[in-house]
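**Student:** Sharing a structure here in structure tokens format.
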Amino acid sequence: ANITVEGFRDGANFAAALQSPPTRSRPAPSELVGEALSLFGYQPGDLDPAIPPALVHGGADHLVLALKSREALAAMAYDLKQGQSFMRREGLVTILLGYAETPRLFHTRNPFASGGVYEDPATGAATAAFAGYLRDLGWPHGGAIDIVQGEDMGMRSRLHADISSAPGSSIRVSGTARLMD
7 ANITVEGFRD GANFAAALQS PPTRSRPAPS ELVGEALSLF GYQPGDLDPA IPPALVHGGA
67 DHLVLALKSR EALAAMAYDL KQGQSFMRRE GLVTILLGYA ETPRLFHTRN PFASGGVYED
127 PATGAATAAF AGYLRDLGWP HGGAIDIVQG EDMGMRSRLH ADISSAPGSS IRVSGTARLM
187 D
């Protein structure tokens, strides 16, 4: 995948932006959704019908499960080894669990068991793929969305995705960076 990354200063902060490869999405098979719901202890009734489960791509493959409540998102828990087996078998880099606070503000969590990490606090590739999916759905994004991620793991990140109207086109994702010890 051809991904362009740039770094820059945003006032006193360091910032980065990535330009994704072309995006694509398709409905997720019901068996896959059922297995993912079971992994996280969710029920079909926990899903937000306005954003149906989907397989999304913006350089890597992700499963999107949009939830009806912020509380359900905050309660996310799963077995890392089971998640790793499931995600590797299905070719998923992450599973994006999301909640739409408004049409342009989302809260997400990104289990990254395929890479041996319980959760990623800022996933630009998943954000790009998700933004492309929202465009495919005809979601009222107004040309951009903001994602709050990592909050429930104590590493709050805010990502911004610019969305053009061209189907399948690249998504630009940006945000500030923090120094890690």
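Number 187 marks the last residue of the sequence shown (our numbering); no jumps.
Backbone N, C-alpha and C define an ideal beta-carbon position, used for all residues, glycine too.
Quick caveat: nothing in here was measured; it's all calculated off a predicted structure.
#1: In angstroms with no decimal places, state the Cα-to-Cα distance between R32 and V62.
#2: Just to confirm my understanding: we take S191, look at its own chain, exclude 5 residues before and 5 after, and list those with CB closer than 7 Å. What are they?
#3: From the DSSP output, in three-state form, read off G181 for me.
#4: Could you give the DSSP three-state label for S44: helix, strand or coil?
#5: Please report the straight-line C-alpha distance between S175 and D158, rounded to a whole angstrom.
#6: Do you know offhand how far M82's Cα is from R178's?
#7: Check whether the Cβ atoms of D2 and A34 sit closer than 8 Å, and answer yes or no.
#8: Locate the alpha helix (DSSP H) running through A106, then write down its first and last residues.
#9: Cα-Cα, which of L140, L86, P28 is closest to E125?
#10: Rounded C-beta distance between P27 and G65? I'm assuming under 8 Å.
#11: Which whole-angstrom value describes the C-beta separation of G97 and D67, a residue pair presumed to lie in contact below a C-beta threshold of 8 Å?
#12: With a threshold of 7 Å on Cβ separation, who are the neighbours of A42 within its own chain once the five nearest residues in sequence on each side are excluded?
#13: Terminal residues of the continuous alpha helix (DSSP H) containing A66?
#14: Measure the beta-carbon distance from Q90 to A119 and round it to whole angstroms, keeping in mind my assumption that it falls under 8 Å.
#15: In the DSSP assignment, find the unbroken alpha helix (DSSP H) run with S91 in it and report its ends.
#16: Under a three-way DSSP split, which group does T10 fall into?
**Tutor:** On the basis of the coordinates in this document:
#1: For the purposes of this step, residue 32 is identified with residue 26 of the sequence shown, where counting begins at 1. For the purposes of this step, residue 62 is identified with residue 56 of the sequence shown, where counting begins at 1. Those two C-alpha atoms are separated by around 7 Å.
#2: This structure gives no information on residue 191, because the portion of the chain shown stretches from 7 to 187.
#3: Stepping through the sequence shown from its first residue, residue 181 is reached at position 175. Strand, per DSSP.
#4: Here residue 44 refers to the residue found at position 38 when the sequence shown is read from its first residue. Note: S44 maps to helix in three-state DSSP.
#5: Stepping through the sequence shown from its first residue, residue 175 is reached at position 169. Stepping through the sequence shown from its first residue, residue 158 is reached at position 152. Approximately 31 Å between the Cα atoms of the pair.
#6: Working through the sequence shown from its first residue, we reach residue 82 at position 76. Working through the sequence shown from its first residue, we reach residue 178 at position 172. Each residue's Cα considered, the two are about 28 Å apart.
#7: Here the chain has residues from 7 to 187 only, and residue 2 is not among them.
#8: If you number the sequence shown from 1, residue 106 lands on position 100. Note, A106: premise wrong, no alpha helix (DSSP H); beta strand (DSSP E) at 100-108.
#9: On the sequence shown, position 119 is the one that residue 125 refers to. When each option's Cα is compared against that of E125, the closest is L86.
#10: On the sequence shown, residue 27 is found 21 positions in, with the first residue counted as 1. On the sequence shown, residue 65 is found 59 positions in, with the first residue counted as 1. Correct: roughly 5 Å between the Cβ atoms.
#11: The residue labelled residue 97 in the question sits at position 91 within the sequence shown. The residue labelled residue 67 in the question sits at position 61 within the sequence shown. Yes, G97 and D67 are in contact; Cβ-Cβ is about 5 Å, under 8 Å.
#12: Here residue 42 refers to the residue found at position 36 of the sequence shown. Counting only Cβ-Cβ distances below 7 Å, and skipping sequence neighbours, we find L69, L71, I101.
#13: The residue labelled residue 66 in the question sits at position 60 within the sequence shown. Run containing A66: none; DSSP gives neither H nor E here.
#14: The residue labelled residue 90 in the question sits at position 84 within the sequence shown. The residue labelled residue 119 in the question sits at position 113 within the sequence shown. About 4 Å separates the two Cβ atoms, so the contact holds.
#15: In the sequence shown, residue 91 corresponds to position 85, counting from 1. Counting along the chain, the alpha helix (DSSP H) containing S91 begins and ends at 86-96.
#16: What you label residue 10 is simply residue 4 of the sequence shown in a count that begins at 1. Looking at T10 - three-state DSSP - the assignment turns out to be strand.
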